[in-house]
Amino acid sequence: MKILGIDTCLPIGSVALIDDKSVLLSKSWNSPREHISKVFEALNSILGTGKNRFKPVDLIIFTAGPGSFTGIRICLSLAKAFKEILGSEKIGTVSTLEALSFSFLNEKVPVFVIMEGRKNKYYVYCRNHDEVIVKPKDLNTQQVIEEIENIPGNLIITGNYTSNSEIGNYIHSSSRLIEKRANTSIALNAALYAVKYGFRNSLEPIYIRQPDAKPSNKKMAD
């Protein structure tokens, strides 16, 4: 089963193609302002430019957030466009938090994901190989620390947060917290996560909290 993963929710965008659990090709870029052009460049590089290039692909997994407001909208707009062309049975989503966790789910300790948000808030998620321990939440610094303190034993910490922040300093000061950097191809992780744990059919964004930016309600002029 060939699965294509696509992510533009985070600053480092990516596209990856897997065959069951084998990685066939993966492309990443660190140009958040160019996500739209870069994702099509990556698709052309991985699948070619032929009319039937998506025919061998059985499933396309998109990330649905959390992440940047614009990045999420780009990714889910692509998902909706592909749904119209290829059919809903070929389209699914996973969260960026789930994708970030996947790099270390074969280890014997739980994986705690921290994603820096806005206004001194963090998105968090924790699971081990078998089950979710902390569902996606939007927390302040002290609440993140309390969540970590509530989980006994060693923890792998991954995600993106400032190293010299209060969260970063807390992690560095604890001997039971193991800091690891996740695979930069979130699209690859998303595809692999979908194979192992499943995916959503919904194409709704995963904000956890309401975004600061709001879509305009103004009608376009005729």
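When you read off a place in the sequence shown, starting at 1, and then add 94, the result is the number in our numbering.
No residue lacks a Cβ here, since even glycine has one placed at the ideal position from N, Cα and C.
- Within the model, the alpha-carbon separation for Leu282 versus Ile100 is close to 8 Å.
- As the crow flies, the alpha-carbon of Ile130 is around 7 Å from that of Ile168.
- Under DSSP, Gly107 shares a beta bridge with Trp123.
- For Phe134, DSSP assigns no beta-bridge partner whatsoever.
- According to the DSSP secondary-structure assignment, Val151 is paired through a beta bridge with no residue.
- For Arg221, the three-state secondary structure derived from DSSP is strand.
- The beta carbon of Leu249 is closer than 8 Å to those of Val203, Pro204, Val205, Phe206, Cys220, Ile242, Arg270, Leu271, Ile272 in its chain, skipping five residues each way along the sequence.
- For Ala288, the closest alpha carbon among the candidates Ala276, Pro105, Ile112 is that of Ile112.
- Per DSSP, reduced to three states, the secondary structure at Gly165 is helical.
- In this structure, Asp152 keeps its C-beta atom at 8 Å or more from the C-beta atom of Lys115.
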